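Participant:
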Amino acid sequence: MKTKPYLLLIALGLLSCQLSPYFVRDYAVGIPSKATVGSVLIGWEYGYEDINGLTRDGLRIELVYTGNTASVVHVAYREYAVLTQGRFARPPFYLNLQYDLSLSKILRFKEVKIQVDSVDREYLYYRILEEPASVPSYSQQEKLVDNDQFGSNRETRLFNPPKHVTLTFRNGANREGFLFGYDSFNYAFKDSLPQLKVMLISRREVNDINYHND
1016 MKTKPYLLLI ALGLLSCQLS PYFVRDYAVG IPSKATVGSV LIGWEYGYED
1066 INGLTRDGLR IELVYTGNTA SVVHVAYREY AVLTQGRFAR PPFYLNLQYD
1116 LSLSKILRFK EVKIQVDSVD REYLYYRILE EPASVPSYSQ QEKLVDNDQF
1166 GSNRETRLFN PPKHVTLTFR NGANREGFLF GYDSFNYAFK DSLPQLKVML
1216 ISRREVNDIN YHND
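Mind the numbering: the sequence shown is residues 1016 to 1229 in this note's numbering, read in order.
1) What does Phe-1184 pair with, by DSSP beta-bridge criteria?
2) Can you give me the C-alpha to C-alpha distance between Asp-1135 and Glu-1191, rounded to a whole angstrom?
3) Put Thr-1051 into one of helix, strand or coil per three-state DSSP.
4) Any idea if Thr-1051 is buried or exposed, counting beta-carbon neighbours within 10 angstroms, 16 or more meaning buried?
5) Between which two residues does the beta strand (DSSP E) carrying Gly-1196 extend?
6) Excluding the 5 residues flanking Lys-1212 on each side, which residues of the same chain have their C-beta closer than 6 Å to its C-beta?
7) Of the residues Ile-1224, Asp-1115, Val-1097, Thr-1084, which one's Cα is nearest the Cα of Trp-1059?
8) How is Ser-1133 classed by DSSP in three states: helix, strand or coil?
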């Protein structure tokens, strides 16, 4: 029996509409950092993406250092509604915040907690003590990797559920399995065999990633 063209188009449309949650973290907890005026102290993004990896209905949030006056530190809260990657559904929402360091070295906004170590004319030196409660941690995601180095740097992305992929290495070898996420240096990858654990694979070793539509 022949498949009717319009049924095929409907099926393809439904497949392309399949969404999975994603999360991007642009910071590291507990790591000493420094920021100039206009720099993002902490930023994260979450929402949904389709099978092609395009963001749908996402939200990006940032706390930006905007300077200091005497002992008062100025921070701007920025919120973006992300339509697709690099495109925003509306102008960002801004909220200006002030923190008096003579009263406390802690900057707190909702669940976020930032400790200011020092500040001078050029930099604000700080470290993030607590991240948003809504942020998924690797321990919450099936204890992905028994390695404290994974996810400890600024660029971290999580996939839940993990994505079915085939990695193509620089030596030409292919490896099929599941991608749980990545940071600046490594992919968190698990082979298809159930007895194997999630492992770290250096991003330098991988030449290409093929995402399976399943």
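Glycine included, every Cβ here is placed at the ideal spot set by N, Cα and C.
The structure displayed is predicted, hence computed values, not measured ones.
Facilitator: A quick look at the data gives this:
1) To locate residue 1184, count along the sequence shown from 1; it is residue 169. In the DSSP output, where bridge partners are listed per residue, Phe-1184 has Val-1221.
2) Within the sequence shown, numbered from 1, the residue matching residue 1135 stands at position 120. Within the sequence shown, numbered from 1, the residue matching residue 1191 stands at position 176. When rounded, the distance between both Cα atoms is 50 Å.
3) For the purposes of this step, residue 1051 is taken as residue 36 along the sequence shown, with counting starting at 1. Looking at Thr-1051 - three-state DSSP - the assignment turns out to be coil, as it is neither helix nor strand.
4) The residue you call residue 1051 lines up with position 36 of the sequence shown. Exposed.
5) Taking the sequence shown and counting its residues from 1, the one referred to as residue 1196 is at position 181. That run of the beta strand (DSSP E) goes 1189-1197.
6) Along the sequence shown, one-based indexing puts residue 1212 at 197. If we look at Lys-1212 and ignore the five residues flanking it on each side, it has no Cβ neighbours.
7) If you number the sequence shown from 1, residue 1059 lands on position 44. Per the Cα distances, Val-1097.
8) Counting from one through the sequence shown, the residue named residue 1133 turns up at place 118. Here Ser-1133 sits in strand by DSSP.
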